[in-house]
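J.:
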Amino acid sequence: SITEISGECAKCPNAGLPSAARTFKDDPINSTAPCNPCTICGGVNQDGSQYELERCTEEKDTVCQNCELCGGGGVRIGCSGINPGRCVTIAEGVEKVLATQAISVPAILTEPAAVALGGDYP
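Residue numbers for the sequence shown, in my numbering: 378 to 499.
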């Protein structure tokens with residue numbers, strides 16, 4: 378949508394809003410420039426592939442960073458939102474991690490840890 382007030386440029390909704398509601402203008406001086414939705418790193422479901430390196434502002438889009446891979450049999454957890462996540466070692470016998478969530482991981486979990494999975498798996 379276009380944000381315009383009496384021919385003067387109005388700011389796009391951004392400050393204090395959740396990432397899905399933030400907008401920016403490519404041309405903040407042009408009063409008829411549309412407010413564009415800010416990019417959500419990792420997509421609307423924040424799939425754990427990217428995190429927010431620089432927040433979207435009223436004048437520029439979000440800068441996303443790809444989540445880094447972990448070596449040595451580790452898996453990255455918590456990579457989404459503004460969090461780059463951390464690498465943890467999963468328990469022997471676990472072949473696949475099916476989901477991740479944006480959380481702050483306590484430093485104790487940066488050491489080898491067992492991850493308990495619930496549910497029915499074939």
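Here a beta-carbon is modelled for each residue, glycine too, at the ideal position from N, C-alpha and C.
This one's a predicted model, so the numbers in the text were calculated from it and none came from an experiment.
Please name the residue, chosen from N443, I467, G449 and G470, that lies closest to S457 on a Cα-to-Cα basis.
T.: Selected option, being the one with the closest Cα: N443.
J.: Is E436 closer than 9 Å to P405 when the C-beta atoms are compared?
T.: Their beta carbons are under 9 Å apart, which means P405 touches E436 by this criterion.
J.: My understanding is that G450 touches T466, with C-beta atoms under 8 Å, so please give their C-beta distance in whole angstroms.
T.: Confirmed, Cβ separation roughly 6 Å.
J.: Can T439 and T416 be called in contact, C-beta distance under 9 Å?
T.: For T439 and T416, yes; Cβs fall inside 9 Å.
J.: When the Cα of Y428 is compared with those of D403, A468 and G455, which residue comes out closest?
T.: Cα-wise, what sits closest to Y428 is G455.
J.: Where does R463 land, buried or exposed, given buried means 16+ other C-beta within 10 angstroms?
T.: Per the 10 Å Cβ criterion, buried.
J.: Less than 7 Å between C-beta atoms, sequence neighbours within five positions excluded: which residues of the same chain meet that for P414?
T.: Here the set comprises T400.
J.: Pull up the CB-CB distance for C441 and C418, whole angstroms please, since I reckon it's below 8 Å.
T.: C441 to C418, Cβ: 4 Å. Contact.
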